[in-house]
Amino acid sequence: MPSRKQPAASSKPPPARILEDLSFHRRLWAIQRIGWVVALVVIALALAGLFGSGPLSSVRAGDAALAIEYDRFVRRDAPTEFRIDARPSAENEVRIAFTRDYLHSLRIDSILPYPQRVETIADDVLIVFRVGPQTPSVRITINAMPLHAGPLRGNVRIGGDASVPPIPLNQFVWP
Amino acid sequence: MESVVRAVAVYLFLLLVFRLAGQRTLAQITTFDLVLLLIISEAIQQALIGNDNSMINAALVVLTLAGLNVSLSILKQRSKQAEKVLEDVPLVLVAEGRLLRDRMDKVRVDEDDILEAARSNHGLERLDQIRYAVLERSGDISIIPDRSPG
Numbered sequence: 001m002p003s004r005k006q007p008a009a010s011s012k013p014p015p016a017r018i019l020e021d022l023s024f025h026r027r028l029w030a031i032q033r034i035g036w037v038v039a040l041v042v043i044a045l046a047l048a049g050l051f052g053s054g055p056l057s058s059v060r061a062g063d064a065a066l067a068i069e070y071d072r073f074v075r076r077d078a079p080t081e082f083r084i085d086a087r088p089s090a091e092n093e094v095r096i097a098f099t100r101d102y103l104h105s106l107r108i109d110s111i112l113p114y115p116q117r118v119e120t121i122a123d124d125v126l127i128v129f130r131v132g133p134q135t136p137s138v139r140i141t142i143n144a145m146p147l148h149a150g151p152l153r154g155n156v157r158i159g160g161d162a163s164v165p166p167i168p169l170n171q172f173v174w175p
Numbered sequence: 001m002e003s004v005v006r007a008v009a010v011y012l013f014l015l016l017v018f019r020l021a022g023q024r025t026l027a028q029i030t031t032f033d034l035v036l037l038l039i040i041s042e043a044i045q046q047a048l049i050g051n052d053n054s055m056i057n058a059a060l061v062v063l064t065l066a067g068l069n070v071s072l073s074i075l076k077q078r079s080k081q082a083e084k085v086l087e088d089v090p091l092v093l094v095a096e097g098r099l100l101r102d103r104m105d106k107v108r109v110d111e112d113d114i115l116e117a118a119r120s121n122h123g124l125e126r127l128d129q130i131r132y133a134v135l136e137r138s139g140d141i142s143i144i145p146d147r148s149p150g
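In order, the protein sequence lines correspond to chains L and F.
All residue numbers for the first sequence refer to the working numbering, where the first residue is 1 and numbers rise by one.
All residue numbers for the second sequence refer to the working numbering, where the first residue is 1 and numbers rise by one.
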């Protein structure tokens, strides 16, 4: 202890006993530093889209016959959007088939345009849209909420047309 | 089941974040600290109750939070180590009138903060009137004035 400014040290009462633990504080400070780095990494990953919308998350798959845009990382009970572009069949219909279990893991809030009918065929749910003549492509927007946390897998294809390959849907639902 | 899991998850998350952020983060030193506290509670509230506005959900969440708090306080009572980890330990920042700079840097407290605490609690105006300054677990700085004449 430097003694430069303490001439009357003996006249003072003895120093207060304050419970402290410097080694504990040193450890705590080190852990806090690590915590801040982890927080920064988490924020950076969130900006990139690991926990929801963002470049890491957005997926576009398919071709002119059937294409789908969706988020790879979604959240339970939070809205997410699917955008589907499909070429109508010769019967002026678009038939979108989703894996049944996949569709049942979602709460569908809206489908635009409104489907003409919905059918269940084997393990698929078929959503059929009526299309006007000479329509080259139809855009369908589905708003839904995932119901359960964890991986969510399924696929989407054109119902009754084996020439168009099914598009796998790989999503992860954060709690 | 979900109400309890949500409450536990939110409780533990907040505990971790505030321990990592440090004692003084939300010690309500400035008006903005209070505003921040309000925003955080607003953000957490939705996650805590989810889409379930039922009475039973609110009751379960409150019961779980209160239960966790009581359990942790029992744990702190029994184990000194747990108390340190969960609630921190006071840290001396001024000893016998001497500023402990390295410690002050670590907890982001400067001379002005200490002088402010000295002014508001004891009406002291100079650093040499302070014998001890301690950063308490609440994030407040407590001042022990120098009673010696001069």
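Every residue, glycine too, gets a C-beta built ideally from N, C-alpha and C.
For residue i, return the contacting residues in chain L, with the cut-off set at a CB-CB distance below 8 Å.
i, result
"Gly22 of chain F", "Gln32"
Just to make sure I have the definition right: I need the residues of chain L whose C-beta is within less than 7 Å of the C-beta of residue i. Which are they?
i, result
"Asn51 of chain F", "Asp77"
Helix or strand or just coil, what does DSSP make of residue i?
i, result
"Met104 of chain F", "helix"
"Glu91 of chain L", "coil"
"Ala8 of chain L", "Bear in mind that a pLDDT of 42 at Ala8 of chain L, under 50, signals an unreliable position, so the model cannot answer this."
"Val5 of chain F", "helix"
"Thr64 of chain F", "helix"
"Pro2 of chain L", "Confidence in Pro2 of chain L is poor, its pLDDT being 46 and thus under 50, which makes the residue's placement too unreliable to answer from."
"Ala86 of chain L", "strand"
"Gly35 of chain L", "helix"
"Ile140 of chain L", "strand"
"Ala162 of chain L", "coil"
"Ala59 of chain F", "helix"
"Ala149 of chain L", "coil"
"Leu171 of chain L", "In the sequence as displayed, the identity of residue 171 of chain L is Gln instead of Leu. Three-state DSSP puts Gln171 of chain L in a strand."
"Val134 of chain F", "strand"
"Val10 of chain F", "helix"
"Ile111 of chain L", "strand"
"Asp71 of chain L", "strand"
Using CA atoms only, rank isn't needed, just tell me which of the options is closest to residue i.
i, options, result
"Ile40 of chain F", "F:Leu63, F:Val8, F:Phe13", "F:Phe13"
"Phe51 of chain L", "L:Leu112, L:Gln32, L:Arg76", "L:Arg76"
"Ala61 of chain L", "L:Trp174, L:Pro168, L:Gly159", "L:Pro168"
"Asn51 of chain F", "L:Phe24, L:Met145, L:Asp71", "L:Met145"
"Leu100 of chain F", "F:Leu65, F:Ile130, F:Ala59", "F:Ile130"
"Pro90 of chain F", "L:Gln171, L:Asn92, L:Asp161, L:Glu20", "L:Glu20"
"Ile96 of chain L", "L:Asp85, L:Gly49, L:His104", "L:Asp85"
"Asp124 of chain L", "L:Ile158, L:Arg87, L:Gln171, L:Leu152", "L:Ile158"
"Phe172 of chain L", "L:Ser53, L:Val164, L:Pro165, L:Ala67", "L:Ser53"
"Thr141 of chain L", "L:Gln116, L:Ile111, L:Pro115", "L:Ile111"
"Ser57 of chain L", "L:Leu47, L:Ala67, L:Ala44, L:Arg72", "L:Arg72"
"Tyr11 of chain F", "F:Asp88, F:Ile44, F:Leu115, F:Ala27", "F:Ile44"
"Leu16 of chain F", "L:Leu22, L:His25, L:Ala64, L:Ala39", "L:Ala39"
"Leu106 of chain L", "L:Arg87, L:Leu147, L:Ala90", "L:Leu147"
"Gly179 of chain L", "L:Ala78, L:Ala64, L:Ser89, L:Glu81", "Here chain L covers residues 1 to 175 and nothing more, so residue 179 of chain L does not appear."
"Leu86 of chain F", "F:Asn69, F:Gly123, F:Asp102", "F:Asn69"
Measure the Cβ-Cβ separation of residue i and residue j and say whether it is below 8 Å.
i, j, result
"Leu93 of chain F", "Ala133 of chain F", "yes"
"Leu48 of chain F", "Ala7 of chain F", "yes"
"Thr99 of chain L", "Gly150 of chain L", "no"
"Ser3 of chain F", "Val61 of chain F", "yes"
"Lys80 of chain F", "Trp29 of chain L", "no"
"Val138 of chain L", "Leu126 of chain L", "no"
"Val94 of chain L", "Phe129 of chain L", "yes"
"Asn92 of chain L", "Pro133 of chain L", "yes"
"Val156 of chain L", "Ile43 of chain L", "no"
"Arg24 of chain F", "Arg108 of chain F", "yes"
"Asp140 of chain F", "Ala21 of chain F", "no"
"Met104 of chain F", "Asp110 of chain F", "yes"
Along chain F, in chain order, which residues have C-beta atoms closer than 7 Å to that of residue i?
i, result
"Phe24 of chain L", "Lys84, Val89"
"Trp29 of chain L", "Lys106"
"Asp21 of chain L", "Lys84, Val89"
Residue i CB to nearest chain C CB: under 8 Å?
i, result
"Arg83 of chain L", "Structure shown: chain C not included; protein chains present are L and F."
Select from the stretch 98-112 of chain L all residues with a C-beta closer than 7 Å to any C-beta belonging to chain F, and list them in chain order. Within the stretch 98-112 of chain L, no residue has a Cβ that lies closer than 7 Å to any Cβ of chain F.
Which residues of the stretch 82-93 of chain F have a Cβ closer than 9 Å to any Cβ of chain L? Give them in chain order. Flagged, chain order: Lys84, Val85, Asp88, Val89, Pro90, Leu91, Val92.
Relative to chain F, which residues along the stretch 121-153 of chain L have a C-beta separation below 8 Å, given in chain order? Cβ contacts with chain F come from no residue of the stretch 121-153 of chain L.
Contact list for the stretch 68-82 of chain F against chain L, Cβ threshold 7 Å: Of all residues in the stretch 68-82 of chain F, none comes within less than 7 Å of chain L when Cβ atoms are compared.
When Cβ atoms are compared, which residues of the stretch 31-58 of chain L fall closer than 8 Å to chain F? Listed by position along the chain: Ile31, Gln32, Gly35, Trp36, Ala39.
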